[in-house]
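With my numbering, letter number 15 in the sequence shown gets 21, and the count goes up by one each step, no holes. Every residue gets a Cβ at the ideal spot worked out from N, C-alpha and C, and that includes glycine.
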Amino acid sequence: MSNDEIILTPEGLRSLELELEDLKTVKRKELAARIKMAISYGDLKENSEYHSAKNDQSFMETRVLTIERMLKKARVVKNTDASKVQVGSIVVLNDVEFAEKIEYKIVGTSEADVNENKISYESPLGISLMNKSVGDTITVNAPMGIITYELLEIRL
C-alpha cells in the first residue's frame with residue numbers, strides 16, 4: 007500500500023462524504039450567520055463573538071480541505087474473504103492472560119477509533135493480525151508489556 011494512499015472501508019468513505027457535505031452546506035451557513043450577527047455588535051477589535059466565530063470558521067475550512075485531500079487519495083478496500091484478517095474484517099480475540107473476549111474492526115488509519123473498537127491495520131495489534139486465520143495466536147508488544155491473543159472469529 008502506497009504511503010500516499012488513504013485506506014478506507016466503504017463505511018469510512020461514506021462517513022467522510024457525509025461530514026464534508028454537512029460542513030459545506032449546514033456548518034458554513036451557521037458560521038456565516040454567527041459572523042454576520044457578531045459584526046452587527048460593532049467594534050471588531052474587541053468583539054469576542056466575532057473572533058470566536060472566525061476561529062471556528064478557520065478550523066472548519068481546514069477540516070473541509072483535509073477531507074477533500076483525503077478523498078482524492080482514498081482507496082476503498084472492501085473485504086470479501088473471511089478466512090484471513092484484512093482491512094474491513096471484524097475480529098473476535100481472546101486475551102489469553104485474562105480470558106476476556108474483545109471484538110475489533112480493522113480499518114484504515116483515518117477511521118481508527120478505540121472508543122468504537124476500530125483499530126488501524128497499521129497499529130501494533132493491527133499489524134500482528136493482518137493475514138492471520140481463526141485459531142492463530144497473536145503476540146503484541148504493547149506499552150504495558152507483551153499481550154497474547156487467540157483469534158476466535160473473523161467476520162465481514
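Which of helix, strand or coil does DSSP assign to residue 102? For residue 102, the three-state secondary structure derived from DSSP is coil.
What is the rounded straight-line gap between the Cα of residue 7 and the Cα of residue 131? Because the pLDDT at residue 7 is just 49, under 50, the model does not fix this residue reliably, and the value given afterwards should be weighed accordingly. Going by the C-alpha atoms only, they are around 18 Å apart.
Given 8 Å, three or more beta-carbon pairs between the stretch 76–91 and the stretch 125–140: Judged by Cβ distances under 8 Å, the stretch 76–91 makes contact with the stretch 125–140, as three or more pairs qualify.
On the three-state DSSP scale, how would you describe residue 18? helix
Keeping to the same chain, check which residues put their C-beta closer than 7 Å to that of residue 117; ignore five residues upstream and five downstream. 14, 15, 18, 124
Unbroken beta strand (DSSP E) run spanning residue 126, endpoints: 124–126
Please return the same chain residues whose Cβ sits closer than 6 Å to the Cβ of residue 163, not counting the five positions on each side in sequence. Here the chain has residues from 7 to 162 only, and residue 163 is not among them.
Flag this pair as yes or no: are the beta carbons of residue 165 and residue 12 separated by less than 8 Å? A query on residue 165 cannot be resolved here, the shown segment of the chain reaching from 7 to 162 and no further.
Which same chain residues end up closer than 8 Å to residue 1 when comparing Cβ atoms and leaving out the 5 residues on each side of it in sequence? Since the first residue of the chain shown is 7 and the last is 162, residue 1 is not available in this structure.
Is the CB-CB distance between residue 111 and residue 99 below 8 Å? no
Any idea which residues DSSP pairs residue 80 with across the strands? 12
For the alpha helix (DSSP H) containing residue 131, name the first residue and the last one. 130–135
How far does the alpha helix (DSSP H) with residue 157 in it reach, from first residue to last? Bounds of any alpha helix (DSSP H) do not take in residue 157; it lies within the beta strand (DSSP E) bounded by 151–161.
Who pairs with residue 148 in a beta bridge, going by DSSP? DSSP, once it has assigned bridges, lists 151 as partnering residue 148.
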